[in-house]
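Q: In UniProt numbering, the protein residues as written are 1 to 600.
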Amino acid sequence: MKSNTLFRWIFLTVFILKSLLIFAQTQDPVQFTITIPNPANHTFHVVMECKVGPHETSRLKMPAWSPGYYQIMDFESFVSNFQVTDQAGNKLFFDKKGKNEWHVEKAKATSLHVEYDVLTTREFVGTSFVDEEHGYIIPAGLCMYLENEIKRPAEVTIKPFDKWKDVATGLDLVPGKNFTYTAPDFDILYDSPILMGNLEELPAFEVKGIPHRFIGYKMGDFDKVKFMQDIKKMVEAASALIGDIPYKHYTFLAIGPGGGGIEHLNSTAVSFDGKLLNDPVKRIKILSFLTHEYFHHYNVKRIRPVELGPFNYDKGSKTNMLWVSEGVTVYYEYPILNRAGLMTQTQVLDAFKSLILALETQPGRLYQSLAQASAETWSDGPSGRVNDEFNKTISYYIKGPIVGLMLDFKIRHETNNKKSLDDVMRTLYQDFYQKQNRGFTETEFRKVCEKVAGASLDEIFHYVYTTKELDYVKYFNYAGLNIDVTPKQLPGAYSGIKAKLENDSLKVSSVDWDSPAWKAGVRRGNVIVDVDGKPASETDIAYIFADKKAGDKMNLNLIKNDTKISYPIVLGTKSERSFAITPIPNPDKLQAAILKDWVK
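As structure tokens, then:
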């Protein structure tokens, strides 16, 4: 009996020691070396080296998407020349499984040396790209991971093209190693884009002793000192809202002219053209855009729905709450810039007027809720199905900030202006990120909002989960604001057709939903041959519409699917609401306090 117990004890001890040894081995960092042998070929070469455990098969995976851009990107489709050897240089057999897995039969190998190429085809903030002048890396599109080892540390060594001297990233530099960076796990690695080339760095600044850098490629000619002073004011206002700065350093990566930005824990990658800052209107748009991406390091990276981490790198992470993560972040662009002294009250009100106009002129508001738009972004796209002839979708970037504004005004009203949406954001940050290190559920988000408000928010959440029309007058009135929702009839006849010349043909570029032309069957892409027997040109059609009155009939001969079709149209009138937002002349004490506290 004693010998059996001793045997079991020895066996258990050996098993534990062996397990600890395997664990220690597999916690060694995965090493990546990224080179650009010939940037003209738009290809990165990746070497991945890692120790592996005793299992017979090692499964290497490439993410199908990268957090921050909620679309399946199929990064694995750009991988070629995959090969793998053991520590002695012996080739190992592998088999491609499914879309994004490589199964390596490793036999007794204790480490793997993996090499592959990644072709880049699109210069976009959500994809890696390299050419003769610069390189931009989305690590999720270049760096594979071992299945079930997302939490393993990683090191990345960048070997830039010979003519380049700079590398910029939010990752920490490994001391004593040139262009070698460390990540405590693959979630952090995938959240840290890398820019390389002959880059320009703008004057850095500190907020509460924490350094902030702005580094970019082809940034253009503008007042760089003034710009960075504005960015510092924005960062101070945004961080004061939450009351904490959770990173050791922050880097703005300007990847070149274009469109789009993606947020990260301690950096953001943004398309940027500095010369546009010389135009006052475009300057506000750029500052709003940068505020949005910066504030995301709080709202989505740390204040986040529970579905947005840990991530499903194969299928994406669907949530009903992108209206909070994205829409409320859009909302905060304007109050933050106002608090920073970079945006006037009039500019803030005009920004919300533009958002409301964008929502109210689209039929999708009658068919898709905010929660549905959030969840269905993976199929619809971030702005909805914008290419549909009849768009039954909305953008959470448009309706989300409007509902966020109404939620803020409601909380201020219910608490006699003692609380606001700021208190909701701070509570979420402290209770879920700082104390529990997790995201919140939909129920928990609502509970926090109602606890801060001290009242039921049924109507607000009906606006989230249904297509109920928004009561703008009621909520803007809370803040002592009028909003003009009265329809006004426009002069002249209305068809609903917009057309433009293409290759000497007048083509219908769009048709307003539910307009006379829409009801008659005219659709985008139809070619207008003649109007009331007169040959059509861009000037002719504008002239003919200007000459008509509501109730007049006109006949369009169109080519549709290579067939000439006649469309009789009875012209109507068009009504529009301006949604102009103005302060109430004689607000009561609470209304005046809310408006004064909300925007300066």
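Just so you know, even glycine gets a beta-carbon here, dropped at the ideal spot from N, CA and C.
(1) Please report the residue range of the beta strand (DSSP E) in which Val570 lies.
(2) For the region 174-184 against the region 199-208, do three or more pairs of beta-carbon atoms, one drawn from each stretch, fall closer than 8 Å, so that the two count as touching?
(3) Out of Arg59, Val30, Leu92, which one is the CA nearest neighbour of Met48?
(4) Could you say which of Lys507, Asn148, Ala550, Thr157 lies nearest to Ile559 if we only look at CA atoms?
(5) Looking only at its own chain, which residues have a Cβ that is under 6 Å from the Cβ of Lys224, when we skip the five neighbours before and after it?
(6) Have a look at the DSSP bridge pairing and note the partners of Asn41.
(7) Among residues of its own chain, excluding the 5 on either side of Arg339, which ones have a beta-carbon nearer than 6 Å to its beta-carbon?
(8) What did DSSP end up calling Gly404 once you bin it into helix, strand or coil?
(9) Does Arg122 pass the burial test, meaning 16 or more other C-beta atoms within 10 Å, or should it be called exposed?
(10) Report yes if the CB atom of Glu414 is closer than 8 Å to the CB atom of Ala455, and no otherwise.
(11) Under a three-way DSSP split, which group does Thr344 fall into?
(12) DSSP state of Trp513, grouped into three classes?
(13) Apart from the five residues on each side of it in sequence, which residues of its chain come closer than 6 Å, Cβ to Cβ, to Thr467?
(14) Quickly, what does DSSP pair Thr59 with across the bridge? List them, please.
(15) Going by DSSP, what residue range makes up the alpha helix (DSSP H) through Arg446?
(16) Go through its chain and collect everything with a Cβ distance to Met554's Cβ below 6 Å, but skip five positions before and after it.
(17) Using the Cα positions of Met405 and Tyr331, report the straight-line distance between them to the nearest angstrom.
(18) Please report the residue range of the beta strand (DSSP E) in which Tyr332 lies.
(19) Please determine if the region 340-356 and the region 380-393 are in contact, where contact requires at least 3 C-beta pairs separated by less than 8 Å.
(20) To the nearest angstrom, how far is the alpha carbon of Asp279 from that of Lys600?
(21) Rounded to a whole number of angstroms, what is the C-alpha to C-alpha distance between Val518 and Asp423?
(22) DSSP on Gly126, reduced to helix/strand/coil?
(23) Exposed or buried, which one is residue 612 when buried takes at least 16 other CB atoms within 10 Å?
(24) With DSSP collapsed to three states, give me the class of Lys498.
(25) Can you tell me the Cβ-Cβ gap for Gly439 and Val306, rounded? I've got them flagged as a contact below 8 Å.
(26) So who's on the other strand from Asp172, going by DSSP bridges?
(27) Using three-state DSSP, classify Val599 as helix, strand or coil.
(28) Between Phe352 and the rest of its own chain, which residues show a CB-CB distance below 8 Å, the 5 nearest in sequence each way excluded?
(29) Would you mind sorting Pro585 into buried or exposed? The rule is 16 or more other CB atoms within 10 Å of its CB.
(30) Hey, would you say the C-beta of Asn387 is under 7 Å away from at least one heavy atom of the ligand ADP?
(31) Would you list the one or two residues that DSSP bridges to Ala269?
(32) Along the chain, where does the beta strand (DSSP E) containing Phe94 start, and where does it finish?
(33) Buried or exposed, going by whether 16 or more other CB atoms sit within 10 Å of the CB of Lys177?
(34) Which same chain residues, not among the five before or five after Ala592, have their C-beta less than 6 Å away from its C-beta?
(35) Would DSSP call His462 helix, strand or coil?
(36) So who's on the other strand from Ile210, going by DSSP bridges?
A: On the basis of the coordinates in this document:
(1) On the sequence shown, position 570 is the one that residue 570 refers to. Annotation for Val570: the continuous beta strand (DSSP E) segment containing it runs 563-570.
(2) no
(3) Residue numbering aside, residue 48 sits at position 48 when the sequence shown is read from its first letter. For the residues Arg59, Val30, Leu92, the minimum Cα distance to Met48 belongs to Val30.
(4) Your numbering for residue 559 matches position 559 in the sequence shown. For the residues Lys507, Asn148, Ala550, Thr157, the minimum Cα distance to Ile559 belongs to Lys507.
(5) Residue mapping note: residue 224 aligns to position 224 of the sequence shown, counting from 1. Same-chain partners within the cutoff: Leu202.
(6) Taking the first residue of the sequence shown as position 1, residue 41 is located at position 41. None, per the DSSP bridge assignment.
(7) Locating residue 339 in the sequence shown gives position 339, counting from the first residue. Hits under 6 Å: Ala237.
(8) In the sequence shown, residue 404 corresponds to position 404, counting from 1. Looking at Gly404 - three-state DSSP - the assignment turns out to be helix.
(9) Looking up residue 122 in the sequence shown gives position 122. So Arg122 counts as exposed.
(10) Here residue 414 refers to the residue found at position 414 of the sequence shown. Here residue 455 refers to the residue found at position 455 of the sequence shown. Cβ atoms of Glu414 and Ala455: closer than 8 Å.
(11) Here residue 344 refers to the residue found at position 344 when the sequence shown is read from its first residue. In the structure shown, Thr344 adopts coil according to DSSP, grouped into three states.
(12) The sequence position of residue 513 within the sequence shown is 513, counting from 1. DSSP places Trp513 in coil when its eight states are reduced to three.
(13) Along the sequence shown, one-based indexing puts residue 467 at 467. Only Leu366, Ser369 meet the Cβ criterion.
(14) Your numbering for residue 59 matches position 59 in the sequence shown. First, the residue type needs correcting, since residue 59 is Arg and not Thr in the sequence shown. Answer by DSSP bridge pairing, in chain order: His103.
(15) Here residue 446 refers to the residue found at position 446 when the sequence shown is read from its first residue. Counting along the chain, the alpha helix (DSSP H) containing Arg446 begins and ends at 442-453.
(16) Taking the sequence shown and counting its residues from 1, one reaches residue 554 at position 554. Once the five neighbours on either side are set aside, the close Cβ partners of Met554 are Asp532, Ile569.
(17) Within the sequence shown, residue 405 is the residue found at index 405, counting from 1. Within the sequence shown, residue 331 is the residue found at index 331, counting from 1. Going by the sequence as given, residue 405 is Leu instead of Met. Rounded to whole angstroms, Leu405 to Tyr331 spans 7 Å at the Cα level.
(18) Here residue 332 refers to the residue found at position 332 of the sequence shown. Unbroken run through Tyr332 is the alpha helix (DSSP H), 329-339; no beta strand (DSSP E).
(19) no
(20) Indexing the sequence shown from 1 puts residue 279 at position 279. Indexing the sequence shown from 1 puts residue 600 at position 600. Each residue's Cα considered, the two are about 23 Å apart.
(21) Position 518 of the sequence shown, counted from the first residue, corresponds to residue 518. Position 423 of the sequence shown, counted from the first residue, corresponds to residue 423. Correcting the residue identity first, residue 518 is Trp in this sequence and not Val. The straight-line gap from Cα to Cα measures roughly 47 Å.
(22) For the purposes of this step, residue 126 is taken as residue 126 along the sequence shown, with counting starting at 1. Shown here, Gly126 sits in coil according to DSSP, grouped into three states, outside any helix or strand.
(23) With the chain covering only 1 through 600, there is no way to say anything about residue 612.
(24) As a working mapping, residue 498 is identified with position 498 in the sequence shown. In the displayed model, Lys498 falls within a strand according to three-state DSSP.
(25) Start at 1 with the first residue of the sequence shown, and residue 439 comes out as number 439. Start at 1 with the first residue of the sequence shown, and residue 306 comes out as number 306. Right, their Cβ atoms sit about 4 Å apart.
(26) Taking the sequence shown and counting its residues from 1, the one referred to as residue 172 is at position 172. The partner list for Asp172 (beta bridge, DSSP) reads Thr182.
(27) As a first step, residue 599 is located in the sequence shown; it is residue number 599 there, counting from the start. Looking at Val599 - three-state DSSP - the assignment turns out to be coil, as it is neither helix nor strand.
(28) Taking the sequence shown and counting its residues from 1, the one referred to as residue 352 is at position 352. The residues are Tyr334, Pro401, Ile402, Leu405, Ile581.
(29) On the sequence shown, position 585 is the one that residue 585 refers to. Flag for Pro585 reads exposed.
(30) As for the ligand ADP, it is missing from this structure, which has no ligand bound.
(31) Position 269 of the sequence shown, counted from the start, is the residue given in the question as residue 269. DSSP output for Ala269 lists Leu253, Ile262 as bridge partner(s).
(32) For the purposes of this step, residue 94 is identified with residue 94 of the sequence shown, where counting begins at 1. Phe94 -> beta strand (DSSP E) spans 93-97.
(33) Taking the sequence shown and counting its residues from 1, one reaches residue 177 at position 177. Lys177 comes out exposed.
(34) Looking up residue 592 in the sequence shown gives position 592. Gly480.
(35) Your numbering for residue 462 matches position 462 in the sequence shown. Note: His462 maps to helix in three-state DSSP.
(36) Taking the sequence shown and counting its residues from 1, one reaches residue 210 at position 210. Answer by DSSP bridge pairing, in chain order: Val207.
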